[in-house]
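Read through the structure below, which is laid out as structure tokens, and then see the notes.
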Amino acid sequence: MSLSAPCPSPALSSSRAERGAAARGPAVRGPAAQVAQTCDVDEQAALLQGWNQRYEQLSAGSFEGRVTSLHLGPIQAWREFSSQALHQTGALRAGQLAIGLPSSIPGNTMFCNRSCSEGHAIVFSGDGPFEFVSPGGLEIIDFVVDRGSLDPYLTASEREQLQAQLAQPHLRPVSAHERWRLPILLSDMQQCLADTTPDALPPQQLDEMAGDVLAAIAAVLRDGVGSEADEQLSYQRRAHIVSMARERVVATGADGSLTVEDLCQALAVSRRALQYSFQEVLGILPQSYLRAVRLNGARRAIKQGSSVSDAALAWGFWHFGRFAQEYKALFAELPSHTCKRYR
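Residue numbers (our numbering): 3 to 345.
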């Protein structure tokens, strides 16, 4: 097994981190980024620290495995590949929650005696053991978080509805958008950490990075959570919700930390009601509206003299390459071009 040198785990500290500090608890200790290749199932199982996991090889042949891990504040993430079919058993620590997303399923895959497809998220917690039968050639990403760290990204109603569901291991249908969002975030984080040392990244960048991952995990969990009443609002009611939301966004001003959860809490509406309202009245999702507001805010900051990186961070964009792509998609020019035109 070859293992890269460990590096310190970055701590969370800024507005987004402080927002959920009480719920998240202490930051996860361990290396910030780590890559390993193995030729033994026991070595592979040991790389997923804290899972008390055991692997049994089921298919014949030499074993090849690879694990890329990342620790950031309350988040542990792994991208795992195994060449042989495995029977996996184990359990998380109490208070933890795990989500697994297979990138492809090349054969029979069972989780807790249920057939798993590519449209499922694998969800289990420290409330009980799990069992997973995986085919040879499976690649999967896993995220483990303290359950309390997700509280700021869920409304009180969503937390209440999810409480009983999350106590039992289960397969959860997941939308195509949310299915690919977490792998992209993991790749972006790995790229950021590979390009520099964690200590060199601004704390705000690390905070936004962790916040985006926690928000994406919460989005997977709340898929399908809601009530029929959310779908039966009149157009007038939905227009009023959008109007109040826009007023709230304007009142917030130059602050890129406003979230859909904040709007739901402030307006006393469910996430579905907010989503349906924005889709019917403005033709976009509320998160897309907030992202457009952030991009416009970053553009104004650049025009007023901020550097591209400072403007991006000020408005919650921690991956500068992706910020440039989204900026160009909205404004038909790169942020660097805007910077040159207004200097």
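Every residue, glycine too, gets a C-beta built ideally from N, C-alpha and C.
Item	Value
Bounding residues of the beta strand (DSSP E) (the contiguous stretch that carries Tyr-291)	Looking at the DSSP string, Tyr-291 is not in any beta strand (DSSP E); the run it does join, the alpha helix (DSSP H), is 288–305.
Contact under 7 Å by Cβ, Leu-173 with Arg-116	yes
Beta carbon of Leu-156 nearer than 7 Å to that of Ala-217	no
Of the listed residues Asp-201, Cys-41, Ala-93, Leu-336, nearest to Pro-171 (C-alpha basis)	Ala-93
Contacting residues, own chain, Cβ-Cβ under 7 Å from Leu-88 (five flanking each side not counted)	Val-43, Tyr-57, Glu-58, Gln-59, Leu-60, Ser-136
Three-state secondary structure (DSSP) of Glu-141	strand
DSSP three-state assignment for Arg-345, whether helix, strand or coil	coil
Contact the segment 66–84 vs the segment 205–217: 3+ CB pairs below 8 Å	yes
Neighbourhood of Val-283 by C-beta distance below 7 Å, restricted to the same chain and skipping five residues each side	Arg-240, Ala-241, Val-244
Spatial distance of Val-37 from Gly-285 (CA atoms)	43 Å
Burial state of Trp-80 (16 or more Cβ within 10 Å)	buried
Residues bridged to Ser-84 [DSSP beta-bridge criterion]	Gly-67, Leu-140
Val-271 (DSSP reduced to helix, strand or coil)	coil
Option nearest Gly-349 by Cα separation, candidates Ser-308, Gln-98, Ala-300	No answer is possible for residue 349: the residues shown for the chain start at 3 and end at 345.
Contacts around Asp-129, its chain only, beta-carbon distance under 6 Å, and the 5 residues preceding and following it disregarded	Ala-169
Three-state secondary structure assigned by DSSP to Asp-201	helix
Reduced DSSP category for Val-135 - H, G, I as helix; E, B as strand; rest coil	strand
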